[in-house]
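A short write-up of the structure that comes next.
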Ligand SMILES: [Zn+2]
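Numbering (the numbering used here), first residue to last: 10 to 222.
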């Protein structure tokens with residue numbers, strides 16, 4: 010039986026360090042709970058910020074809580090184009106050599122030197138889910154999605170396993186629109202190459218070079 014994975018769309022959002030939070034929203038201020046997210050302990054805040062790049066800006070971008078050790082802005086490739094910054098695909102927290110941006114809040118501004126990423130698509134799951142799906146933390150898998158007329162196989166999907174997680178695949182708005190995202194889309198992990206990890210880029214290069222697997 011394949012594990013049916015709910016696919017959730019992450020719109021652009023911001024994680025803030027406590028220090029940056031206080032610069033933007035005032036000394037001593039703390040995130041205000043707005044609503045729960047699917048991952049336990051994570052929540053959307055009432056606070057909103059303006060994100061500014063060389064070519065454009067986004068107003069009222071949602072802040073997620075709780076505060077983290079480093080400020081991180083997550084956007085889509087389309088968003089990066091509109092801001093005029095490079096789109097760098099990374100796992101959450103891997104912020105070296107990523108572009109920055111300007112954040113504007115009601116009480117101040119923060120010029121980020123780095124921290125703007127396009128999140129690498131990923132699946133959150135518990136250790137029990139991982140056993141059922143025959144995968145482990147940091148595995149790279151293929152996921153085939155349900156859709157109407159536009160199903161898609163995503164490659165390069167990172168598996169993240171932690172007891173605190175709840176089963177969900179996270180994609181950004183570009184990725185969701187690419188498979189004509191329904192109300193409650195789901196996907197299953199596809200075992201290609203005998204279930205071994207394989208880079209789709211390598212596969213594409215091989216096919217173009219006439220190598221058939
Ligand atoms: Zn996630």
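In this text, a Cβ means the ideal position worked out from N, Cα and C, and glycines have one as well.
TODO: Using alpha carbons as the reference points, say which of 47, 60, 212 and 90 lies closest to residue 18.
DONE: Taking the first residue of the chain shown as position 1, residue 18 is located at position 9. Among 47, 60, 212 and 90, the Cα nearest to that of residue 18 is on 47.
- [ ] Taking residue 136 as part of the alpha helix (DSSP H), name the residues at either end of that continuous run.
- [x] Within the chain shown, the letter at position 127 stands for residue 136. Where residue 136 is concerned, the enclosing alpha helix (DSSP H) stretches over 136-142.
- [ ] Could you name the residues of the same chain whose beta carbon sits closer than 8 Å to that of residue 66, not counting the 5 residues immediately before and after it, in chain order?
- [x] Taking the chain shown and counting its residues from 1, one reaches residue 66 at position 57. Taking C-beta separations shorter than 8 Å and ignoring five residues to either side along the sequence, the partners of residue 66 in its chain run 59, 60 and 92, following chain order.
TODO: Would you tell me roughly how many angstroms separate the C-alpha atoms of residue 156 and residue 192, rounded to the nearest one?
DONE: Position 147 of the chain shown holds residue 156. Position 183 of the chain shown holds residue 192. Their backbone Cα atoms lie some 10 Å apart in a straight line.
Open item on the list: Using the Cβ count rule (16 or more neighbours within 10 Å means buried), how would you classify residue 122?
Closed with: Residue 122 sits at position 113 when you count from the first residue of the chain shown. It is exposed - the Cβ of residue 122 has fewer than 16 other Cβ atoms within 10 Å.
Task: C-alpha distance - residue 63 paired with residue 77, whole-angstrom precision - done: Translated into positions along the chain shown, residue 63 becomes position 54. Translated into positions along the chain shown, residue 77 becomes position 68. Taking the straight line joining both Cα atoms gives about 26 Å.
Task: CB contact flag (residue 131, residue 167, <9 Å) - done: Reading the chain shown from its first residue, position 122 is the one you call residue 131. Reading the chain shown from its first residue, position 158 is the one you call residue 167. In contact: residue 131 and residue 167 (Cβ atoms closer than 9 Å).
Task: Rounded C-alpha distance that separates residue 126 from residue 102 - done: As a working mapping, residue 126 is identified with position 117 in the chain shown. As a working mapping, residue 102 is identified with position 93 in the chain shown. Each residue's alpha carbon lies about 9 Å from the other.
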